[in-house]
Every structure is written in structure tokens, then in C-alpha cells.
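Numbering (this note's numbering), first residue to last: 2 to 393.
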């Protein structure tokens, strides 16, 4: 088997420490993610063999479409997994944007549909629907956009929330962008089963992930659909287990108890079922007192919930030696996962730890085709010449 590995573009900034915020609250890194730095990140992801980079959406992020469009010409093979909120723009305009992106990138667009877990943040964007109504609208939205992407005749649609007449694309996207979709509520499961190509979950204990996969598969099967599955983790990989856990300890030591308490107060107001599940992994911050032993936040061997003390959304990390992280990935892959969306602090340096250390270990275990263990010698990016010049 050969798994799919993706990296992350922190458009709100990067850091050597954990960045607090997310899910409607402010996020800012102390390493600014200007275009020059994002080009370095994209180049690092490409040279280290990542298939795509996930770009977030939210109040404190740069616009995902504009940012990734600016990176197309700085990369050659890297795909862009754009987080996209349906309902804030018309379905036809979104379909046009995706077709344009596919045309200019030569087919390197993936879509991550984010329905919106926080009503307060949605209202800031002018969206006043309640959570369940947002999922109803999302279903209608994806129905319209799929028709626009795939059919020749004009689209007419009348739904509870959306209506279009005689909608038609001048150019359809080729290939049709794969749709990634996450959500842990019943409403999210129904939409994922009907429209997602890949269902995403945040990193939980293996038994919980297995239950979610079975849940979505059970919803998709009656509709004659089979989905891929993906998971979102941070990663701290080093040559030895001791070095990796020392880095986790350093990240914990640099957290202020007041910062943890403030983050947990904000996240406690979240409407997201997935966020509730993330917060429960560390007892909503109860596991943090001063600077605890990082192992006290280990929820499964090598799976660490420390990131979620201050960060909303994905709050767990794979921690260990290169071989241990590869072994963990194999354990999760055996549950039925195909895609691993990863990140680290800082993202630039951690991409190299994974590419140079973990990927060969994955290949030795048969989890990655040998030819994919290292990036092709033919891949050249704007970042690579600077690296080569620096080392010569």
C-alpha cells in the first residue's frame, strides 16, 4: 500500500512554540507567514514528498484561495487542499473559482469543505444560520456544485436555502476536485456520506477513530458510495524517542498557565462536536498544572494531546523516533485510513524531520512505495536552488 501524506500552511504565522487560538479565536504566530515564507514552506513540503498542503480558513487566516494561487508558480507537483466555507459565496462562483484554479495549476486543487462549527465566527462573515441549518445548506451547495462540475446542461435547483437558474460553467474543472469533509455531528455525517470523497477526522485514540470510520461507512453504503478516510495530526519526530519527548516537554514548558486557561475558556464555548471530543482528551486543560510531565498528556502510546491545551481544532500529535512515528502511522492506517494531514512547530523545519526521517521508515514497512520514499530528482522548486546554493 502507499498512503497519501499532506502538510499544512499556517497562513496566520508560524512559531517554534505552540500557537494558541482557533475555532473563532485569534491565532498569530511570531514567525510571520508572508509570501516569501509561504513559498519556502510550499517548497519544503514538495521536496519532502508531501502530496498537498492544507490551507486553513477563518477569521485569523489569510484568504486560502488567493494565498494558494500565489504559490502555484513556485511549485511544480504540490497540490493545494483549500479549506472552503460553503454559503459565503454563490455556488456558481465557487465552481468557477475551482475551475480556474484547476486550469492554471494543471489539476492541483483539492477542496476541504468547512461548514463552520462556530456561529459567532459565521456571523462575523454575515452568515446567521444556526449549525444544523448550515449543514442543510451545505448539502444543497455541494449538490449544485457537483452538477456544475460534471454535467453539460445548465443547472436549475430550488432548495430550502439555495436557488439557481440556468447556471453553467464555461470551463469545467479537470480533473474534478476531490472533496474532503470533516465533522463529528449527525448532521455532518449525513453530508459526508453523500458528497465527500474523503472523510476527515481529528486525531483521537485508535478505537475512537475506528468507530468514526465505521459510522461514516455505514451511512455511505446504503447510497452505494465508498469513501476514503483521512486523519489530521501534528507530528514531533526525531532520531530518538528521547529527543522527541524532550521537544514535547520544551513546548509544554513554554506555555503560560493563564494562556492555557484562557484558551480553554474560549474553546468551552465551541458548538463543534469534534472540538468537544478534542478537549476531553486532556480534560479541558485539567491535565495542565504548571509544567507537567509531557507523558501525562499521552492518550495512547505515542499520541500526545498537549497541542490541544491552547489550539482549537486538531489538538493531538504523533511523538517519537522516526521508526516509532512510522509504526504509529501504520497502526492508524490499518484502521482504514488513506490520508494523513500533518503539521509541526515550526512547519518548515518539521517538514524535513518527517521527509528525511519518517518517510524512509514508512517505506521499510511497506506503507509507502519505495519510489515515493524520497522526492523525485526531477522535482525542482524555487526553494531548492537556495538550499543547494547554501550547501555548496
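All residues carry an ideal CB built from backbone N, CA and C; glycine is no exception.
Discussion item. DSSP three-state label for residue 1, please.
Written reply: Since the first and last residues shown for the chain are 2 and 393, residue 1 lies out of range.
Item to complete: Name the one or two DSSP bridge partners that residue 239 has.
Response: 322
Item to complete: With DSSP as the reference, label residue 355 as helix, strand or coil.
Response: helix
Item to complete: Can you say whether residue 48 is buried or exposed, counting buried as having 16 or more other CB atoms within 10 angstroms of its CB?
Response: buried
Item to complete: Taking 8 Å as the cut-off, decide whether the C-beta atoms of residue 325 and residue 207 are in contact.
Response: no
Item to complete: Measure the alpha-carbon distance for residue 234 versus residue 315 and round it to whole angstroms.
Response: 7 Å
Discussion item. Taking its Cβ as the centre, do 16 or more other Cβ atoms sit within 10 Å of residue 215, making it buried, or is it exposed?
Written reply: exposed
Practice prompt. Can you give me the Cβ contacts of residue 289 inside the same chain, cut-off strictly under 6 Å, excluding the 5 residues immediately before and after it?
Written response: 261 and 310
Item to complete: Could you tell me which of 89, 56, 244 and 256 sits nearest to residue 343, measuring between CA atoms?
Response: 56
Discussion item. Three or more C-beta pairs under 8 Å: does that hold for the region 337-352 against the region 10-23?
Written reply: yes
Worksheet item: Is the beta carbon of residue 98 sitting closer than 8 Å to the one on residue 150?
Response: no
Item to complete: Just mark residue 19 as buried or exposed, buried being the case when its beta carbon has 16 or more other beta carbons within 10 Å.
Response: buried
Fill in: Span separating the alpha-carbon of residue 248 from that of residue 137
43 Å
Worksheet item: What is the DSSP secondary structure of residue 297, reduced to helix, strand or coil?
Response: helix
Worksheet item: Excluding five sequence neighbours on each side, which residues of the same chain lie with their C-beta closer than 6 Å to the C-beta of residue 45?
Response: 349 and 352
Fill in: Collapsed DSSP secondary structure at residue 254 in the structure displayed
helix
Worksheet item: How is residue 80 classed by DSSP in three states: helix, strand or coil?
Response: strand
Worksheet item: Under the DSSP definition of a beta bridge, which residues are partnered with residue 306?
Response: Residue 306 is not bridged to any residue.
Worksheet item: In the DSSP assignment, what are the bridge partners of residue 110?
Response: 81
Worksheet entry | Separation of residue 239 from residue 140, as counted between CA atoms | 42 Å
Discussion item. For residue 94, count the other beta carbons within 10 Å of its own beta carbon; 16 or more makes it buried, fewer makes it exposed. Which is it?
Written reply: exposed
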